[in-house]
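Number 671 in our numbering belongs to position 8 of the sequence shown; there are no gaps in the numbering.
Okay, so here's the structure we're looking at.
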Amino acid sequence: MHTDIHLRLHALRAADLRTEAAAYRLSRAAAPAPGGLRGRLGWFLVEAGLRLVHHRPVYVARIA
């Protein structure tokens, strides 16, 4: 592929990505903020579950 064509394709793809990023930023700005009581309660339950599941390793003394 000729270098000029490659550079032009790269510039077009970069412009497409910038357009998609701008649209994504606008959609995120319009969306309601996540969280609130439901979100905090959910993450608290996840953290509590992880603490219950996590077991410290048991070391058994071996007599050699």
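Backbone N, C-alpha and C define an ideal beta-carbon position, used for all residues, glycine too.
- Under the three-state DSSP convention, the category residue 724 falls into: The residue labelled residue 724 in the question sits at position 61 within the sequence shown. Looking at residue 724 - three-state DSSP - the assignment turns out to be coil, as it is neither helix nor strand.
- Query: Got a sec, what are the start and stop residues for the alpha helix (DSSP H) residue 705 sits in?
  - Reply: Stepping through the sequence shown from its first residue, residue 705 is reached at position 42. Note, residue 705: alpha helix (DSSP H), 699 to 716.
- Task: In the DSSP assignment, find the alpha helix (DSSP H) that holds residue 677 and state where it starts and stops.
- Result: One-based indexing of the sequence shown puts residue 677 at position 14. Residue 677 -> alpha helix (DSSP H) spans 666 to 693.
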